[in-house]
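Working notes, structure below.
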Amino acid sequence: MSALEWIIEVLSWAAILSGCAFMLIGAIGTVRFPDFWTRLHAVSVSDSAGMILLILGMCLQAGLTLITVKLILIGIFLFITGPTATHAVANAAMVSGFLPEGLKRPSIKTKKATTKATKAKTVKKKAVKASKSKGAA
Amino acid sequence: MFLAATIALFVGMIIVLARLYAGPTLYGRILAGNSFGTYTVLFIGVLGFLNERPDFLDIALLYALINFAGTIAVLKYFRYRTVGDTSPQNKGVKNSPGKLKDRGVLG
Numbered sequence: 001m002s003a004l005e006w007i008i009e010v011l012s013w014a015a016i017l018s019g020c021a022f023m024l025i026g027a028i029g030t031v032r033f034p035d036f037w038t039r040l041h042a043v044s045v046s047d048s049a050g051m052i053l054l055i056l057g058m059c060l061q062a063g064l065t066l067i068t069v070k071l072i073l074i075g076i077f078l079f080i081t082g083p084t085a086t087h088a089v090a091n092a093a094m095v096s097g098f099l100p101e102g103l104k105r106p107s108i109k110t111k112k113a114t115t116k117a118t119k120a121k122t123v124k125k126k127a128v129k130a131s132k133s134k135g136a137a
Numbered sequence: 138m139f140l141a142a143t144i145a146l147f148v149g150m151i152i153v154l155a156r157l158y159a160g161p162t163l164y165g166r167i168l169a170g171n172s173f174g175t176y177t178v179l180f181i182g183v184l185g186f187l188n189e190r191p192d193f194l195d196i197a198l199l200y201a202l203i204n205f206a207g208t209i210a211v212l213k214y215f216r217y218r219t220v221g222d223t224s225p226q227n228k229g230v231k232n233s234p235g236k237l238k239d240r241g242v243l244g
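Read top to bottom, the protein sequences are chains A and B. Sequential numbering from 1 applies to the first sequence in our numbering. Sequential numbering from 138 applies to the second sequence in our numbering.
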C-alpha cells in the first residue's frame, strides 16, 4: 500500500467515524431536548455535519468511479433540501401560532393592542399624578 | 469499519423513531420524520458499502427526493387542510388560525 492510499484510507475512516458520532449526537439530542424549538438544533447537527462527513468518507472509499458521482449528487441534494425542510417545519410551526415559551405573536393586532394599553396606562398615571399634586396642594 | 457505521446509523434511526412515536407535538413529529428520512438515505448508502456492492445509491437518491417532497406535502396539508388546490375559496382554515388544540397541533 502506497503512502497516498494509506493517507486516503485514514482520512476516509476519520470522516466516517466522526460523521457517525455526529449522527448519534443528533439522535440523542432529538430525544433528550425538552422542546420542539430546541430539537430543531439537534436535528440540524445530524442533517448537515453528520451527512457531509459520511458522504465525504464514502467518496474517499469509492475512489474515482460512477459511485462517487452518485454520492456527490446525493450530498448536494441533501445539503440543499435538509435545511430547507427544517426551515419549512420551523416556519409552519411559527405561522400556526405554536410559539416558543415567553414569545408573543408578532402581528399588527397585538402591536395596536399594546400601544393602546400603554396609552391607557400613561393616561391613568397622569390622572394619578394630577390627583396627587392636587392632594398635595 | 462500515459495520460500526451501519450500527451507529441503525441505533440513531431507532432513537429518532422513538421520538417520532413519543413526540407530543405535530411539528415535532414531522421534524423527526424528516430526520429519519435523512438517516435512512445514509443507511442505504453505508449498507451498500458494507455488502461491497454499492449499487443501492440510486435508491438512496430517490429516497432523498421523496423524503423532501413528502415533508413539504405534509406541512402543506396541515397548513391548508388540502394538498392540491389552495385557491382562495378553499382557504377556509388558513384565515382562521383557531386554537392549537382544535387543529391537532399540540397532540
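Ideal Cβ placement from N, Cα and C applies to all residues, glycine included.
- Message: Does B:F109 come out as helix, strand or coil in the three-state DSSP assignment?
- Response: There is simply no residue 109 of chain B to check, as chain B begins at 138 and stops at 244 in what is shown.
- Contact with chain A by B:R190, beta-carbon distance below 8 Å: Along the second sequence, read from residue 1 onward, the residue named residue 190 of chain B stands at position 53. Among the residues facing chain A, B:R190 is not included, as its CB has no counterpart in that chain under 8 Å away.
- Message: One question on the structure: do B:L146 and B:Y176 come within less than 8 Å of each other, judged by their Cβ atoms?
- Response: Stepping through the second sequence from its first residue, residue 146 of chain B is reached at position 9. Stepping through the second sequence from its first residue, residue 176 of chain B is reached at position 39. The answer is yes: Cβ separation under 8 Å.
- Query: Can you name, in chain order, every residue of its own chain whose Cβ lies under 8 Å from the Cβ of B:L212, other than the five neighbours on each side?
  - Reply: Along the second sequence, one-based indexing puts residue 212 of chain B at 75. The residues are I167.
- In chain order, what residues of the same chain have a beta carbon less than 6 Å from the beta carbon of A:M51, not counting five sequence neighbours either side? In the first sequence, the residue the question calls residue 51 of chain A occupies position 51. Once the five neighbours on either side are set aside, the close Cβ partners of A:M51 are L78.
- Task: Pair every Cβ in the segment 84 to 96 of chain A with every Cβ in the segment 35 to 46 of chain A, then say whether three or more of these pairs are closer than 8 Å.
- Result: Verdict: yes, contact present.
- Message: Please report whether the beta-carbon of A:L11 lies at a distance below 8 Å from any beta-carbon of chain B.
- Response: By 1-based counting over the first sequence, the position of residue 11 of chain A is 11. Interface with chain B (8 Å Cβ-Cβ cutoff): A:L11 is excluded.
- Query: Are B:I152 and A:T30 close, meaning C-beta to C-beta below 8 Å?
  - Reply: Indexing the second sequence from 1 puts residue 152 of chain B at position 15. Indexing the first sequence from 1 puts residue 30 of chain A at position 30. It is a contact, given that the beta carbons lie within the stated cut-off.
- Query: With 8 Å set as the bound, which would you pick, yes or no: does the beta-carbon of A:K111 sit closer than that to a beta-carbon of chain B?
  - Reply: Residue 111 of chain A sits at position 111 when you count from the first residue of the first sequence. Below a pLDDT of 50, predicted positions are generally treated as unreliable, and A:K111, at 48, falls in that range; the measurement from the model is reported next regardless. Taking Cβ atoms only, chain B never reaches closer than 8 Å to A:K111, which makes this a no.
- Item | Nearest neighbour of B:G185, chosen from A:S48, A:L53, A:M58 and A:L24 [CA to CA] | For the purposes of this step, residue 185 of chain B is taken as the residue at position 48 of the second sequence. Here the closest residue by C-alpha is A:M58.
- Task: Give the residues of chain B in contact with A:G82, contact being defined as C-beta atoms less than 7 Å apart.
- Result: Working through the first sequence from its first residue, we reach residue 82 of chain A at position 82. Under the 7 Å cutoff, chain B gives T175.
- Task: Can you say whether B:D195 is buried or exposed, counting buried as having 16 or more other CB atoms within 10 angstroms of its CB?
- Result: Taking the second sequence and counting its residues from 1, the one referred to as residue 195 of chain B is at position 58. By the 10 Å Cβ count, B:D195 comes out exposed.
- Task: Just the C-alpha distance for A:K70 and A:L4, rounded to the nearest angstrom, thanks.
- Result: Translated into the one-based positions of the first sequence, residue 70 of chain A becomes position 70. Translated into the one-based positions of the first sequence, residue 4 of chain A becomes position 4. Just so you know, the alpha carbons of A:K70 and A:L4 end up roughly 24 Å apart.
- Whole angstroms is fine: what's the gap from B:N204's alpha carbon to A:I25's? For the purposes of this step, residue 204 of chain B is taken as the residue at position 67 of the second sequence. For the purposes of this step, residue 25 of chain A is taken as the residue at position 25 of the first sequence. Each residue's Cα considered, the two are about 22 Å apart.
- Rounded C-alpha distance that separates A:V95 from B:Y158: Here residue 95 of chain A refers to the residue found at position 95 when the first sequence is read from its first residue. Here residue 158 of chain B refers to the residue found at position 21 when the second sequence is read from its first residue. Their backbone Cα atoms lie some 24 Å apart in a straight line.
- Message: Quick check on the burial criterion: 16 or more other C-beta atoms within 10 angstroms. Buried or exposed for B:I181?
- Response: Counted from its first residue, the second sequence places residue 181 of chain B at position 44. Counting Cβ neighbours within 10 Å, B:I181 comes out buried, since at least 16 surround it.
- Query: Along chain A, which residues have their Cβ under 9 Å away from the Cβ of B:A210?
  - Reply: One-based indexing of the second sequence puts residue 210 of chain B at position 73. Under a criterion of Cβ atoms nearer than 9 Å, no residue of chain A is adjacent to B:A210; the nearest Cβ is some 11 Å distant.
- What's the gap between the Cα of A:I76 and the Cα of A:L99? Translated into positions along the first sequence, residue 76 of chain A becomes position 76. Translated into positions along the first sequence, residue 99 of chain A becomes position 99. So the alpha carbons of these two residues sit roughly 32 Å apart.
- Message: Which residues in chain B have a C-beta closer than 7 Å to the C-beta of A:L103? List them in chain order.
- Response: Along the first sequence, one-based indexing puts residue 103 of chain A at 103. The contacting residues do not exist; A:L103 stays about 14 Å from chain B at best.
- By how many angstroms is the C-alpha of B:A142 removed from the C-alpha of B:V221? Counted from its first residue, the second sequence places residue 221 of chain B at position 84. Counted from its first residue, the second sequence places residue 142 of chain B at position 5. A quick correction: the sequence has Gly, not Val, at residue 221 of chain B. If you take the alpha carbons of B:G221 and B:A142, they lie about 40 Å apart.
- If you count every other CB in all the chains shown that lies within 10 Å of the CB of B:N171, and 16 or more means buried, which is it? Looking up residue 171 of chain B in the second sequence gives position 34. Buried: at least 16 other Cβ atoms inside 10 Å.
- Query: In three-state DSSP terms, what is B:M138?
  - Reply: In the second sequence, counting from the first residue as 1, residue 138 of chain B sits at position 1. Per DSSP, reduced to three states, the secondary structure at B:M138 is coil, with no helix or strand assignment.
- Query: If you draw a straight line from the alpha carbon of B:R218 to that of A:T81, how long is it in whole angstroms?
  - Reply: For the purposes of this step, residue 218 of chain B is taken as the residue at position 81 of the second sequence. For the purposes of this step, residue 81 of chain A is taken as the residue at position 81 of the first sequence. B:R218 and A:T81 have their C-alpha atoms some 23 Å from each other.
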